[in-house]
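The structure under discussion appears below in the form of structure tokens.
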Amino acid sequence: MLQKIKILTIIGTRPQIIKASAISRAIKNHFKNAINEIILHTGQHYDTNMSEVFFNELKIPKPNYNLNIGSGTHGSQTADMIKGIEEIIVKEQPDCMILYGDTNSTLAGAIAASKLHCKIVHIEAGLRSYNKTMPEEINRILCDHCSTLLFSPTKTGYQNLIKEGFAVNNTSPFTADNPKIYYCGDIMFDNTLHFSEIASQKSGILKKYNLKKNAYVLATIHRDNNTDNPERLSNIFEAILSIAKNNNIDFVIPLHPRTTKVLKENLSSDIYYELMNNKYIKIIEPVSFLDMIELEKHSILIVTDSGGVQKEAYFLQKPCIILRPQTEWVELIEHGSSIMADADVNKIINAANTLLSNKSTSFPPIFGNGKAADFICEEILSNFIPIK
Ligand code: UD1
Ligand code: UDP
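Counting in this note's numbering, the sequence shown runs from 13 upward without gaps.
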């Protein structure tokens, strides 16, 4: 009998759990006789609505290991993860490790795997904001540069890798010193296509919050440079209040726990008071992925500093205001469906005026064909031979 390849998948945060569901689904549907996936959850996210809800809803296999690391400073959180992941690599002896995106869980996996010469498959490789004050920028650069197979969701990401010295003509066998880079489309697009119809059938979120289709704005805010900076956070909510009142439009805001924890402390007192008492503003707990897709699908505009949500806006053909000074998803800006407004009150309000009145935006298909996860599994299988 053919020996299965053993993959150790590292997840830790909400978006990584969602991303991993695409690969787990591909394995279950097409590669279950060839790939044995072991899932390690670092526990970076741990609230039920930041973690468990996704396993139940997206039918992801329960993690084989949970390190339960929880929150902490970058150094202590990452160090604890490295130690825990190292132990599991030694125990499981995987043929390779899958890492997603750019979180501290990604970085910890990359360091632990490299030191033990476990080959790394990086999904979402090559993305760059060119802002090294973002913790994610450091994490993604370091992870890319010790990976063996690098899967970029966009052409820009692929080109970024080439600019950093990755060769396009390396030949097999691939290693961290002789890596292979790919442009393969986005597994999050796979997910949106797969779950969109299921969300329509199962989600009751619009009814729950009395939201009318195409008559509300969806907003998410969690990026550290917004939440931890009182001026930026106040600017963002001042702009949101202004857009809501000027357009008589509801805002539904599923708030990340990071933001909830600092809202009162970091908002100016008048903005906080108005936010809590304004009839247009619905601040709610983080929602499940099916509820989130449903909210995105029927919004008239999305306002976000999330990497994943700005892309999902594009997948679902919604205009989007990006509350960041740069984005790694530059295509969204180039095609005109998204406007980068940073945390500037006037820029955010002007962007809303532009996007709410512009009905002719186009959304060319630039994130692949919805089968990125199958492609990635095929490439893993053709490039890695089981160790034992
Ligand atoms: C992390 C990632 C970020 C990603 C985001 C997705 C890093 C450096 N950042 O940011 O790239 O966009 O996840 O959501 O890895 N908290 C809870 N409950 C939870 C999780 C977090 O209350 O289940 C609170 C804690 O107060 C914690 C804070 O949120 O200190 C920040 O959590 P952390 O995982 O450190 O970073 P995120 O901001 O979530
Ligand atoms: N998401 C969700 N519920 C929420 C907010 C976001 O399911 O309340 C999903 C969203 O649809 C996307 C992912 O979480 O798939 C994005 O995660 P997040 O914004 O936390 O992180 P980022 O993408 O910025 O790293």
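C-beta atoms are modelled at their ideal positions from N, C-alpha and C, and glycine is treated no differently. From a predicted model like this one, the values you see are computed outputs, not experimental measurements.
Determine the contact status of Ala211 and Leu302, defining contact as a CB-CB distance below 9 Å. yes
Output yes or no for whether 9 Å exceeds the beta carbon distance between Thr166 and Asp198. yes
For the ligand UD1, any of its heavy atoms closer than 8 Å to the Cβ of Gly87? no
Please state whether DSSP places Phe186 in a helix, a strand or coil. coil
Out of Asp356, Ser374 and Ala124, state which residue places its alpha-carbon closest to the alpha-carbon of Ile345. Ser374
Among the candidates Asn395, Thr54 and Cys389, whose CA atom is the shortest distance from the CA of Ile39? Cys389
Cβ neighbours of Lys309 in the same chain (closer than 6 Å, five flanking residues each side left out): Leu328
Please name the residue or residues paired with Pro331 in a DSSP beta bridge. According to DSSP, which records beta bridges pairwise, Pro331 is partnered with nothing at all.
At least three beta-carbon pairs within less than 8 Å, the stretch 328-343 to the stretch 361-378: yes
Taking the alpha carbon of Ile305 as the reference point, which residue from Ser36, Asn80, Asn237 and Asn203 has its own alpha carbon closest? Asn203
Quick one: using the 10 Å Cβ neighbour count with 16 as the cut-off for buried, is Ile174 buried or exposed? exposed
Which whole-angstrom value is the C-beta distance of Lys387 and Cys196, which I expect to be below 8 Å? Per the sequence shown, the amino acid found at residue 387 is Phe instead of Lys. Confirmed, Cβ separation roughly 5 Å.
Excluding sequence positions up to five away, which residues of its chain have a Cβ less than 6 Å from the Cβ of His234? His268, Arg270 and Thr271
Inspect the CB distances between the stretch 143-159 and the stretch 51-68 and report whether three or more fall short of 8 Å. no
How many whole angstroms separate the CB atoms of Tyr112 and Ile81, which I take to be in contact at a CB cut-off of 8 Å? Going by Cβ atoms, the distance from Tyr112 to Ile81 rounds to 16 Å, so no, they are not a contact pair.
Nearest to Lys224 by alpha carbon, out of Val299, Ile312 and Ile193? Ile312
Just to confirm the assignment, what range does the alpha helix (DSSP H) spanning Met288 have? Ser281 to Asn289
Residue from Ser246, Ile265 and Cys130 with nearest C-alpha to Ile296: Ile265
Per the DSSP calculation, Pro266 is bridged to which residue(s)? Ile296
DSSP beta-bridge partners for Tyr228? Asp262
Status (buried if at least 16 other CB within 10 Å, exposed otherwise) for Leu162: buried
Beta-carbon contacts of Phe249 that lie in its chain and below 7 Å, excluding the five residues immediately before and after: Leu279, Ile283 and Leu287
Within 8 Å: the Cβ of Phe301 and any heavy atom of the ligand UDP? yes
Figure out for me which residue from Asp240, Asp262 and Ala32 has the closest Cα to the Cα of Leu230. Asp262
Backbone secondary structure at Tyr326 - three-state DSSP: helix
Please classify Ile47: does DSSP put it in a helix, a strand, or coil? strand
Indicate whether Tyr194 and Glu340 have their beta-carbon atoms separated by less than 9 Å. no
Distance cut 5 Å, beta-carbon to the ligand UD1 heavy atom: residue list by chain order: Thr25, Arg26, Gln56, His57, Tyr58, Asp59, Met62, Ser83, Thr115, Asn116, Pro147, Glu148, Pro269 and Arg270
By Cβ distance below 6 Å, which residues in the same chain neighbour Asn190 in space, the five residues on each side in sequence not counted? Asn182
Could you say which of Ile360, Ala32 and Tyr77 lies nearest to Ile412 if we only look at CA atoms? In the structure as shown, the chain begins at 13 and stops at 400. Residue 412 is therefore absent and cannot be evaluated.
Taking just the CA atoms, how far does Gly380 sit from Ser372? 23 Å
Contact set for Ala363: own chain, Cβ-Cβ below 6 Å, skip 5 residues either direction: Ile333, Ile351 and Ala353
For Pro337, which residues in the same chain have their Cβ closer than 6 Å to its Cβ, ignoring the five residues on either side in sequence? Asp354
My output table needs one value for Leu205: the three-state DSSP class, helix, strand or coil. helix
How long is the line joining the alpha carbons of Thr403 and Asp236, rounded to whole angstroms? No answer is possible for residue 403: it lies beyond the span of the chain, which begins at 13 and ends at 400.
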